[in-house]
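First comes the structure, then the notes that go with it.
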Amino acid sequence: MKLVILKNNLRDGLNALERTVTENTNLPILKNVLIRTFNNKIQLSATNLELAITRFVSGKIIEEGSITAPLSTLLSITNNTNNERINLNVENNTLLFKTDNYEAVIQGLPEEEFPIIPKLENISNYLQINSEILKDSLSKVINAVQISEIRPEISGVLFDFQVTNFKLVGTDSFRLAEKTINENEFKSTFQRGFKIIIPLKTAQELLRISMSEIVTIFIDPNQMLFKSDDLEIISRLIDGTYPDYEQIIPKSLETDLVFEREHLVNAVKLVSTFSGKINDVKISLKDGKKFLEIYSANQYLGENKYLVPTKAKGKDFNVSFNWRYLIDGLKNFSSQEMVFGINGDNRPALLKNSADNSYFYILMPIKS
Amino acid sequence: MEFDQLWQNALSEIELQISRPNYVTWLKNSHLIDKQDGIALVSLPNNFAKEWVENKYYKVILSVLRNLDESTKKIEFTVTNKQGSADNLKKKISNTVSKSQLAFEELKIDPETNLNPRYNLSSFVVGKSNELAFAAASAVIDEIGRKYNPFFIYGGVGLGKTHLIQGIGNEIKKKYDNNVRVKYVSSEKFTNDVIYGIRNKRMEDMKEKYRNVDVLIIDDIQFIGGKTSTEEEFFHTFNALYENNKQIIISSDRPPKFIPTLQERLSSRFEGGMLADIGYPDYELRLAILRTKIQDRGADLPENIVEFVANKVQKNLRELEGVLNRIIFYQQAKSGISLRAVEEIVNETIQQPTKNINPNQVIKAVADYFQISPNDLTGRCRQKSVVEPRQVTMYLLRDILGLSYPDIGLKLGKRDHTTAIYAYSKLSGEINKNQDLNQKVIAIKDIIYKE
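So the protein sequences, as listed, match chains A and B. Start counting the first sequence at 47; every next residue gets the next number (the numbering used here). Start counting the second sequence at 783; every next residue gets the next number (the numbering used here).
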């Protein structure tokens, strides 16, 4: 194989694959990137056997061929090289990396030893969506997800597609976020709905990697493919049934608080300095329900409180929350004004935007 | 089993022919799951393994299998990723979650069966009042669908019906290793599904969901009474399952024939199987339950307090648990508890909501229930059809409102107080023996409290 490739192209391609490579004592080749020529393009692929990412970059192909080489080494010399043009030559399982005044010989392994990246069987039906919308929606639910060894079925993001609407859901059993993507924001040929669970790692990579405007999603029984112009992400799906979370969503709210989002975010951040080991901040109404008091205390440090103006309706309350969970939720909104619904100290509270009901975030209090 | 053995033999030979790392990476979690007409079906943990094995080791595996079993002609591969799938993604959860952080309890419910893993039969304390129901439950688990079908459990609020029927479901799942499909549903959820099905023209989904099970468990069936479409759908579901010898387990707060709005054809079907009641727990059972719960919570309470609580809280086990929770909380918060404090907690918890009920409401409710006029109750008529309601009224006035006997006599047509005493003691005795009477009284109380 003989290639000439621009530094930026190679760097962007390798960057997209960077987090996919893993150290695996049984299969050391997994830390390598596969470089091969394909359809007049240069294909770069990496996998950890759960997820495989392929990026096509442009360059001048002088001679076809392939090789695999350690990705981190390649990325680091690419990042640090000064020249725009890079020559990549393969000779007997070594990769020759050459610029005007630099030359490296990298030990590689032949393509034959690299895992074969699976193909999808069903590519007749697909779901097409603007990648910005997908990323934005994903980013709103992903911080509620955590890896759980006991409960693999919630260690991922639920894609609940029901022909006329498409919901993304994430939870770690302490909080839950749901984003609904409107019917006119996607295009699909699926006749029937499906519910699949995307591993957290895959979702994180989707968010991280830059892609072109439209992304197309294909589904197999236990894997899926995200395809965009120069990018293919194949991921396994989490096996299991997502819990029936709808019964958690509060149907009514005991107290309704309307407040300015930025103000509350700052207040919670500031007050959290004094919060204890369990990250608790206490929230209550003060001054004839005109102010929301955020309070935290620590027996060694002292205590502090902050008053945020609010419009409150309903019962008085005195509830503690994990401030990290609260901030996570608040940050997922972009509106200025928003609603915090509270249902006493042992039932879920709800964050929402009164003008837009496509997204909400539920969180459980801390027992006082 | 046979497949496992064959595959183990094959693997030990394959292991010799390929490198150790390759073996561990690609074939470690493989299984032979089927073999028919010379085609062996091998499952692999992921698609990468499938691609790799199919492309690289097909010949090796085929020749090894052929040596062991000459009939093998072909191998097909499939992917099943059951467990251990998150291996590569394991990461330490950075902020350890404290115990006081509350979690969504509903998420623990198994989405396929709807069962809450919290309920199991080993934590079900058996006593005189529920031994029949428990014995029948055990029989149902052993012989699903054949012995007692349908199995109908009834009893008052908070006596452990839900615990028992969910426990049956969980036990069946455990015993048959998930090979028996169990579905638990409250009648409210069933009704909602029917409504959803009708509204979205998706009744097929509904049918598939409920008829494709081996054990259907319906909780609080009394609530479907009077909802015509739901009853109709349930009737058909019931028949479909029953005809295929699928087990049906139903719970209710009263026997089928006392569910007022339930159609005849349904209640007669329920009576065709096994009816078992869960009665009010006796003192010994309450004591045993309390001790189990105290042990579960890892708490320690003085014996005299436990006995006091068991003695005082008589009717509702949920109340018993509530009282216990408060006592334990009190004990932890104040590091110690006295009998006096316990007395207060108990009194606060088990108070009946009597404030808003007046004697006329009781009289009216009884008259309505027996379909006679209130004047009959206060009148002089001594027909049997009036005497019984009258005695029930006296009993209830005493039981619910605690009126004095002379007062009761006065309210019911200026009768002598001895008449009231006689009626009350007669019914108090009979109510524990005569299930019919007991049900009537409970139904009337329902009417009174609902108003």
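By construction, the Cβ of each residue, glycine as well, lies at the ideal position given by its N, Cα and C atoms.
Limits of the unbroken beta strand (DSSP E) element including Q790 (chain B): Element bounds for Q790 (chain B): not the beta strand (DSSP E) but the alpha helix (DSSP H), E784 to Q799.
Cβ pair G909 (chain B), A1070 (chain B) closer than 8 Å: Cβ distance < 8 Å, so G909 (chain B) and A1070 (chain B) count as in contact.
Contact between the region 217 to 230 of chain A and the region 366 to 375 of chain A (3+ Cβ pairs under 8 Å): Contact between the region 217 to 230 of chain A and the region 366 to 375 of chain A is present, because at least three Cβ pairs lie under 8 Å.
Min CB distance E986 (chain B) to chain A below 8 Å: No - not a single Cβ of chain A is within 8 Å of the one on E986 (chain B).
Residue-level contact to chain A via CB, F886 (chain B), 8 Å cutoff: Taking a beta-carbon distance threshold of 8 Å, F886 (chain B) counts as an interface residue toward chain A.
Residues near D362 (chain A) in its chain [Cβ-Cβ closer than 8 Å; skip 5 each side]: So the qualifying residues of the chain are T301, S330, L331 and K335.
Interface flag, T1043 (chain B) vs chain A, CB-CB below 8 Å: Not an interface residue.
Neighbouring residues, chain A, relative to V861 (chain B) (Cβ below 7 Å): Neighbours of V861 (chain B) on chain A, chain order: N268.
Local conformation of I1031 (chain B) per DSSP, three classes: The answer is strand: DSSP assigns I1031 (chain B) an E or B state.
Neighbourhood of A868 (chain B) by C-beta, 6 Å cutoff - its chain only, sequence neighbours within 5 removed: Low confidence applies to A868 (chain B): its pLDDT is 42, below 50, so where it sits in the model is not reliable, and the reading given next is rough at best. The beta carbon of A868 (chain B) sits closer than 6 Å to none of the beta carbons in its chain outside the five residues before and after it.
Option in A:R131, A:S318 and A:D391 with minimal Cα separation from N350 (chain A): Comparing Cα-Cα distances from N350 (chain A) to each of A:R131, A:S318 and A:D391, the minimum goes to A:S318.
Beta-carbon gap between K77 (chain A) and N135 (chain A) smaller than 8 Å: Their beta carbons are not under 8 Å apart, which means K77 (chain A) does not touch N135 (chain A) by this criterion.
Whole-angstrom C-beta distance between S969 (chain B) and D1001 (chain B), which should lie under 8 Å: Contact between D1001 (chain B) and S969 (chain B) holds: their C-beta atoms lie close to 7 Å from each other, under 8 Å.
Cα-Cα separation, Y992 (chain B) to V861 (chain B): Roughly 28 Å separates the two Cα atoms.
Beta carbon of K225 (chain A) nearer than 8 Å to that of K186 (chain A): Contact: yes.
Closest Cα partner of S1033 (chain B) within the set B:N1026, B:N1027 and B:I1041: The alpha carbon of S1033 (chain B) has as its nearest neighbour, out of B:N1026, B:N1027 and B:I1041, the alpha carbon of B:I1041.
Where R254 (chain A) meets chain B, residues with beta-carbon distance less than 7 Å: Within 7 Å Cβ-Cβ: nothing; R254 (chain A) doesn't reach chain B, min ~15 Å.
Residue of B:S1167, B:G1161 and B:R1162 minimising C-alpha distance to F1152 (chain B): If we check each option's Cα against that of F1152 (chain B), B:S1167 comes out closest.
Cβ pair count under 8 Å reaching 3, the region 1069 to 1087 of chain B against the region 1106 to 1114 of chain B: The region 1069 to 1087 of chain B, when compared against the region 1106 to 1114 of chain B, does touch it at the 8 Å Cβ threshold.
R1108 (chain B): CB within 7 Å of a non-hydrogen atom of the ligand SAH: The ligand SAH is absent from the structure shown, which contains no ligands of any kind.
Neighbour list for F830 (chain B) in chain A, Cβ cutoff strictly below 9 Å: Simply T93, L95, E96, A98, P161, I162, I163, P164 and R282.
Cβ pair V354 (chain A), L376 (chain A) closer than 8 Å: Cβ atoms of V354 (chain A) and L376 (chain A): not closer than 8 Å.
Anticipated Cβ contact below 8 Å, T66 (chain A) with T93 (chain A), distance rounded: The C-beta separation of T66 (chain A) from T93 (chain A) comes to about 6 Å, placing the pair in contact by the 8 Å criterion.
Supposed close pair L157 (chain A), R254 (chain A) - CB separation, criterion 8 Å: Correcting the residue identity first, residue 157 (chain A) is Glu in this sequence and not Leu. That belief does not hold up - the Cβ atoms of E157 (chain A) and R254 (chain A) are roughly 26 Å apart, past 8 Å.
Status (buried if at least 16 other CB within 10 Å, exposed otherwise) for A1115 (chain B): Exposed, by the Cβ-count rule.
Cβ-Cβ separation, G938 (chain B) to D1035 (chain B) (assumed contact under 8 Å), whole Å: In this structure D1035 (chain B) touches G938 (chain B) by the C-beta definition: roughly 6 Å separates them, less than 8 Å.
DSSP-derived helix/strand/coil call for V967 (chain B): Three-state result, V967 (chain B): strand.
Per DSSP, cross-strand counterpart(s) of E858 (chain B): Beta-bridge partners assigned by DSSP to E858 (chain B): B:L823.
Residue ranges of each beta strand (DSSP E) within the region 284 to 364 of chain A, 3 or longer: As far as the region 284 to 364 of chain A is concerned, its whole beta strand (DSSP E) runs of at least 3 residues are 301 to 306, 326 to 332, 337 to 344, 348 to 355 and 357 to 360.
Whole-Å CB distance - Q1096 (chain B) paired with I1230 (chain B), under 8 Å assumed: Their Cβ separation, rounded to whole angstroms, is 20 Å, which puts Q1096 (chain B) and I1230 (chain B) out of contact at 8 Å.
Beta-carbon proximity check, L277 (chain A) vs M257 (chain A), cutoff 8 Å: The beta carbons of L277 (chain A) and M257 (chain A) sit closer together than 8 Å.
Residue range of the beta strand (DSSP E) that includes Y992 (chain B): For Y992 (chain B), no beta strand (DSSP E) encloses it; the enclosing alpha helix (DSSP H) starts and ends at M985 to R993.
Close-in-space but distant-in-sequence residues of the same chain around N189 (chain A) (CB under 6 Å, 5 per side omitted): Only D374 meet the Cβ criterion.
Nearest residue (CA-CA) to L60 (chain A), options A:T68, A:L73, A:L90 and A:I51: Between L60 (chain A) and the set A:T68, A:L73, A:L90 and A:I51, the nearest pair of CA atoms involves A:L90.
Through-space distance from I1182 (chain B) to R1100 (chain B), alpha-carbon basis: Answer to the nearest angstrom: the Cα atoms are 21 Å apart.
Per-residue contacts from T807 (chain B) into chain A (C-beta, under 7 Å): Residues of chain A passing the Cβ test: N72 and L73.
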